[in-house]
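Report on the structure given below.
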Amino acid sequence: MTPDEDSLLAGTMAHFKEIARQNRFTENGTIEHAVSTCLVCHPELVPLDPFVIYLDIVAEAVKVRRPRLDRELAAEINGDLELQGESIRVTLEDLAEGEEKAVRSWLAWIRDALSTGLGLLSVHSQTSLDFDLDSPEARRWGNLIESRSKEIMAHQLGNFRPVPSQ
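Counting from 1 along the sequence shown, just add 4 to a position and that's the residue number in this note's numbering.
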């Protein structure tokens, strides 16, 4: 990509990371921004597949909203498991130690977060594209989705702060 295209990507990414920091991702379409240089509105401005642009934006937003492996993240994972009718529950310790079922649940939570984020970007503007992680187009990006999921996990684990024993 050219420096100008890199600048467009950096600007779009910064915009959506700030929206995530403010916890306003659900209302991202109502927040004023430079529409003419927004890569969600105009992914054709750079030589990247639009799915890749959207996925990268959402992956960075997840890292901003949930930057660390902590008790709150474990609780969210357990909440999702409960909603799905699963009897398994994970602990922070299971997640930190890489227990297999806990890690699968964590990855499922990340995938759900990515899917939700993509859905929220689809209503960003009238020109936004709609992506679904289970669509045939997304399946061709399976390795990238897995890579971004593991990148989020590594980021969260890298910011893990164990709770001191009492």
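For glycine and all other residues, C-beta sits at the position ideal for the given N, C-alpha and C.
Owing to the predicted nature of the structure, the values given are computational and were not obtained by experimental measurement.
Cβ-Cβ distance between residue i and residue j below 8 Å
i: R25; j: N163; result: no
i: L12; j: T34; result: no
i: L59; j: L161; result: no
i: N32; j: L124; result: yes
i: S153; j: L118; result: yes
i: N27; j: R70; result: no
i: M5; j: E64; result: no
i: L122; j: V62; result: yes
i: L99; j: A78; result: yes
i: T131; j: H19; result: no
i: V66; j: I81; result: no
i: S139; j: V39; result: no
Per-residue DSSP class, three states only, for residue i
i: R93; result: coil
i: D8; result: helix
i: D60; result: helix
i: G146; result: helix
i: H19; result: helix
i: D116; result: helix
Residue i: CB within 7 Å of a non-hydrogen atom of the ligand HEM
i: G15; result: With respect to small molecules bound, the structure shown includes none, and the ligand HEM cannot be examined in it.
For residue i, the nearest candidate out of the options (CA to CA)
i: R108; options: T120, L87, I92, G121; result: I92
i: A158; options: H46, F29, I114, I81; result: I114
i: D116; options: L87, V127, L96; result: L87
i: L43; options: R165, S126, E155; result: S126
i: I156; options: S129, E101, P140, W110; result: W110
i: E97; options: E90, P166, S139, V66; result: P166
i: L85; options: R75, D74, A106, G102; result: A106
Notebook entry, point to check: Hey, is the segment 133-145 in contact with the segment 44-58, meaning 3+ C-beta pairs nearer than 8 Å?
Noted result: Flag = yes, the segment 133-145 and the segment 44-58 touch.
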